[in-house]
Amino acid sequence: MKHISSLSRLSALMAGGLGHPANYNPVMDILRDEFSAEKAFLLLLSESGELAPVASAGVEPAHFRKLEAVSAASRLGSAVETLAPLVIDDLSKDASLAFLIDGNAKKLFAFPIKLAGRPAGVLAIIAAPGAPPANEIEPLVSVVASMIGQDLRVDRSVMGERRKLLEENTHLKQELKEKYTFKHIVGTSNPMKQVYEQVTQVARSNATVLLRGESGTGKEMIANAIHYNSLRAKRPFVRVNCAALPDTLIEAELFGHEQGAFTGAGKAKKGRFELADGGTLFLDEIGDIPLQTQVKLLRVLQEREFERLGGTATIKTNIRLITATSRDLEEAIAEGSFREDLYYRLNVFSIFMPPLRERKTDILLLAEHFLEKFEAEHGKRIRRISTPAIDMLMSYHFPGNVRELENAIERAVLVCDSNVIHGHHLPPTLQTAEVTGTVTDLSLEAAVAAFEKDMIQDALKSNKGNIAKAARLLGSTERIIGYKIKKYSIDPHRFKK
Numbered sequence: 001m002k003h004i005s006s007l008s009r010l011s012a013l014m015a016g017g018l019g020h021p022a023n024y025n026p027v028m029d030i031l032r033d034e035f036s037a038e039k040a041f042l043l044l045l046s047e048s049g050e051l052a053p054v055a056s057a058g059v060e061p062a063h064f065r066k067l068e069a070v071s072a073a074s075r076l077g078s079a080v081e082t083l084a085p086l087v088i089d090d091l092s093k094d095a096s097l098a099f100l101i102d103g104n105a106k107k108l109f110a111f112p113i114k115l116a117g118r119p120a121g122v123l124a125i126i127a128a129p130g131a132p133p134a135n136e137i138e139p140l141v142s143v144v145a146s147m148i149g150q151d152l153r154v155d156r157s158v159m160g161e162r163r164k165l166l167e168e169n170t171h172l173k174q175e176l177k178e179k180y181t182f183k184h185i186v187g188t189s190n191p192m193k194q195v196y197e198q199v200t201q202v203a204r205s206n207a208t209v210l211l212r213g214e215s216g217t218g219k220e221m222i223a224n225a226i227h228y229n230s231l232r233a234k235r236p237f238v239r240v241n242c243a244a245l246p247d248t249l250i251e252a253e254l255f256g257h258e259q260g261a262f263t264g265a266g267k268a269k270k271g272r273f274e275l276a277d278g279g280t281l282f283l284d285e286i287g288d289i290p291l292q293t294q295v296k297l298l299r300v301l302q303e304r305e306f307e308r309l310g311g312t313a314t315i316k317t318n319i320r321l322i323t324a325t326s327r328d329l330e331e332a333i334a335e336g337s338f339r340e341d342l343y344y345r346l347n348v349f350s351i352f353m354p355p356l357r358e359r360k361t362d363i364l365l366l367a368e369h370f371l372e373k374f375e376a377e378h379g380k381r382i383r384r385i386s387t388p389a390i391d392m393l394m395s396y397h398f399p400g401n402v403r404e405l406e407n408a409i410e411r412a413v414l415v416c417d418s419n420v421i422h423g424h425h426l427p428p429t430l431q432t433a434e435v436t437g438t439v440t441d442l443s444l445e446a447a448v449a450a451f452e453k454d455m456i457q458d459a460l461k462s463n464k465g466n467i468a469k470a471a472r473l474l475g476s477t478e479r480i481i482g483y484k485i486k487k488y489s490i491d492p493h494r495f496k497k
């Protein structure tokens, strides 16, 4: 079949997707050469519904600009709207297109571009004298118009997916930024107010920050807050738990490695310093890194450059470093397990995270925050925490800090079979005598009394200290409940607030 070579060239040209309408100029050149045409051009519908020229061959720049004035209401526009081919035998009789006449070439063939069955534009050629007959021109140009439509469909689909991914990425970044704003960090105690003040002072700078405090105090959350309130908020935030990496792999993880650097290194890999370039690198449990790695880390902090493991090329780095540790670094220096010069490099701006036992006033706020979180997560409807359970939480010293409190509330939500969390729903560690300082070896009578006291206090709380209403709620009499209140030394006025 004639013109097969041209179709093959066009197919190869569009196989990888032309990506942008202006890239269709080579397609116009092939069409023009194939039919010895004077001109070939492509008009596409804009979002506003106007026909706009995007590619051409043989069309003078001045005439190309005039094509912008061709409206969808013209004869070319009618071909687009009706999705039907158009042949204009004499362009001189069409006022909107007469400027395209060049010498004796007056015949125009136009074919609609379809996108998912809807009009998307028009492909046109102006035949020169001696051009092939219409029955040869029309089939090929029609096929090319169809190929352009398919290419546009793929390109717009890819662009749509890309736009969707960008929007999702922007949305997720905004969610992260909102998640780590100060209003989402729970705590109003004086020690936490001091932490907020320090974070505000350092966040907008590039200073290295050292977060200190016991495990479970929220050091990673504060590191996130510093990053997402800094000038690097739109850049990567990369976390590394140094204690979780073996000594043999920590250098490769931090600095990356070249192919063949060690057994199993099948290909080159970027390290965390490269991945965090322009953003923030958070090294948790910095006190646990080996001495050999400490030397290399010190060099990166001093020179802002490093080499991958097994490589010779020097790589520049631009990161903001935040580190955290639960170890006593001064003691580690004295023992010789931590370099003193690295300590001074890291300890530019130090923030101490208070343990939960030193911020007792935050326990109830945190408990209610976790209760709201886990009742939604586990599909429970829990109204509140009972007074005895609150007393147990307040009297416990929480060696695991906020993390232990969070786990305790999640367990209580899971085992709770009513809409109130009671003391017996809390973990055994909060109920044992060794931990809570309560009486050891509870007898059956004492256990029943403790449960009875718990129920009475709960009923009084639900009824704002009204003994009569509490008695009705418990299915008892006011006299009996009054007797029990005196027996257990319960103060009803405490619940009238």
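Per the working numbering, the very first residue in the sequence shown carries number 1; after that it's consecutive.
Note that the Cβ used here is the ideal one computed from N, Cα and C, for glycine as well.
| field | Residue closest to Arg65, alpha-carbon to alpha-carbon, out of Leu100, Leu91 and Gly160 | value | Working through the sequence shown from its first residue, we reach residue 65 at position 65. For the residues Leu100, Leu91 and Gly160, the minimum Cα distance to Arg65 belongs to Leu100.
| task | Note down, one range per segment and in chain order, each beta strand (DSSP E) of at least 3 residues found wholly within the region 21-96. | result | 39-45, 51-57 and 86-88
| query | Of all the CB atoms in chain D, is at least one closer than 8 Å to the CB of Thr208? | reply | Any reference to chain D falls outside this structure, which holds one protein chain only.
| query | Should Glu240 go down as buried or exposed, given a rule of 16 or more other Cβ atoms within 10 Å for buried? | reply | Within the sequence shown, numbered from 1, the residue matching residue 240 stands at position 240. Sequence inspection shows Val at residue 240; the Glu mentioned does not correspond to that position. With 16 or more other Cβ atoms within 10 Å, it is buried.
| task | Report buried or exposed for Phe320, applying the criterion of at least 16 other Cβ atoms within 10 angstroms of its Cβ. | result | For the purposes of this step, residue 320 is identified with residue 320 of the sequence shown, where counting begins at 1. Per the sequence presented here, residue 320 reads as Arg, with Phe not at that position. Label assigned to Arg320: buried.
| request: Please specify which runs of the beta strand (DSSP E), each continuous and at least 3 residues long, are wholly inside the region 307-376, giving them in chain order. | output: 314-316, 320-325 and 349-352
| said: Do Asn401 and Glu214 count as a contact pair if the criterion is CB distance below 8 Å? | reply: Taking the first residue of the sequence shown as 1, we reach residue 214 at position 214. Taking the first residue of the sequence shown as 1, we reach residue 401 at position 401. For Glu214 and Asn401, yes; Cβs fall inside 8 Å.
| request: Go ahead and pull the three-state DSSP assignment for Ile101. | output: For the purposes of this step, residue 101 is taken as residue 101 along the sequence shown, with counting starting at 1. Ile101 falls in the coil class under three-state DSSP.
| request: State buried or exposed for Ser489, treating a residue as buried only when at least 16 other CB atoms are found within 10 Å of its CB. | output: Sequence index remark: in the sequence shown, residue 489 carries index 489 (1-based). Looking at its Cβ environment, which holds fewer than 16 other Cβ atoms inside 10 Å, Ser489 is exposed.
| Closest by C-alpha distance to Glu368, when choosing among Gly187, Ala116 and Ser56 | Here the question's residue 368 lines up with position 368 in the sequence shown. Glu368 has its Cα closest to that of Gly187, out of Gly187, Ala116 and Ser56.
| Completely contained alpha helix (DSSP H) runs for the region 382-419, where each covers 4 or more residues | 387-395 and 401-415
| request: Please determine, among Asn135, Glu258, Glu331 and Leu123, the residue with the shortest C-alpha to C-alpha distance to Ala40. | output: Within the sequence shown, numbered from 1, the residue matching residue 40 stands at position 40. Residue Leu123 is the option with its Cα nearest to Ala40.
| field | Minimum C-alpha distance to Asp458 - residue among Asp391, Phe111 and Pro427 | value | The sequence position of residue 458 within the sequence shown is 458, counting from 1. It is Asp391.
| Gly278 to His424, Cα distance in whole Å? | Looking up residue 278 in the sequence shown gives position 278. Looking up residue 424 in the sequence shown gives position 424. For Gly278 and His424, the distance between alpha carbons rounds to 50 Å.
| Assumed close pair His378, Leu414 - CB separation to whole angstroms, cut-off 8 Å | Within the sequence shown, the letter at position 378 stands for residue 378. Within the sequence shown, the letter at position 414 stands for residue 414. Contact holds; Cβ gap of about 6 Å.
| query | Pro139: buried (16+ other C-beta within 10 angstroms of its C-beta) or exposed? | reply | For this step, residue 139 is matched to residue 139 along the sequence shown. The residue is exposed, with fewer than 16 neighbouring Cβ atoms inside 10 Å.
| Quick one: is Arg383 buried, meaning 16 or more other Cβ sit within 10 Å of its Cβ, or exposed? | The residue labelled residue 383 in the question sits at position 383 within the sequence shown. Label assigned to Arg383: exposed.
| request: Going by DSSP, name the residue or residues bridged to Gly121. | output: Locating residue 121 in the sequence shown gives position 121, where the first residue counts as 1. According to DSSP, which records beta bridges pairwise, Gly121 is partnered with Leu44 and Ile113.
| task | Pull up the DSSP beta-bridge partners for Phe282, would you. | result | As a first step, residue 282 is located in the sequence shown; it is residue number 282 there, counting from the start. Phe282 pairs with Arg239 and Ile322.
| task | Give the straight-line distance between the Cα atoms of Ala433 and Ile421, rounded to the nearest whole angstrom. | result | Taking the sequence shown and counting its residues from 1, one reaches residue 433 at position 433. Taking the sequence shown and counting its residues from 1, one reaches residue 421 at position 421. Low local confidence applies: a pLDDT of 43 at Ala433 is under 50, so the model's placement there is unreliable, and no value is given.
| request: Count the other C-beta atoms from every protein chain shown that fall within 10 angstroms of the C-beta of Ile289, then say buried if there are 16 or more, exposed otherwise. | output: The count along the sequence shown starts at 1 and reaches residue 289 at position 289. Answer is buried; the Cβ neighbour count reaches 16.
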